[in-house]
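Trainee: In the numbering used here, the protein residues as written are 511 to 599.
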Amino acid sequence: MDDARLGRLEVKLDRLAEAMTKLVAHEAVMENLINHNSTQDSRLNKHSLEIDEHSIKLAVVARSSGANEWFVRLLIAALVTGAAFMLRT
């Protein structure tokens, strides 16, 4: 083989080695991004579950406070009626 051809072959091999090095570096970056996304997804899922639990608790509290509000309104109406009955004479 002649020296010029070997020189071109060495240049091509050097370029290929550089490309492989860059590819490995990009692969490492992609792996880190995938791990980061996985971590963020798990955190968001955890927060979503907590929000769901809070909304259930809020619905229960709203339901029970609605029942208490009805009782208070009924009590006020009874007191007003009783006061009106007492003052009618």
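All C-beta atoms in this analysis are idealised placements derived from N, C-alpha and C, irrespective of residue type, glycine included.
#1: Specify the secondary structure class of R598 as computed by DSSP and reduced to three states.
#2: Give the straight-line distance between the Cα atoms of L589 and W580, rounded to the nearest whole angstrom.
#3: Rounded to whole angstroms, what is the Cα-Cα separation between L523 and D512?
#4: Quick check on DSSP: helix, strand or coil for D562?
Mentor: Judging by the given coordinates:
#1: Taking the first residue of the sequence shown as position 1, residue 598 is located at position 88. R598 falls in the coil class under three-state DSSP.
#2: Start at 1 with the first residue of the sequence shown, and residue 589 comes out as number 79. Start at 1 with the first residue of the sequence shown, and residue 580 comes out as number 70. L589 and W580: Cα-Cα distance of roughly 14 Å.
#3: To locate residue 523, count along the sequence shown from 1; it is residue 13. To locate residue 512, count along the sequence shown from 1; it is residue 2. For L523 and D512, the distance between alpha carbons rounds to 17 Å.
#4: Taking the sequence shown and counting its residues from 1, the one referred to as residue 562 is at position 52. Of the three classes helix, strand and coil, the one that applies to D562 here is helix, per DSSP.
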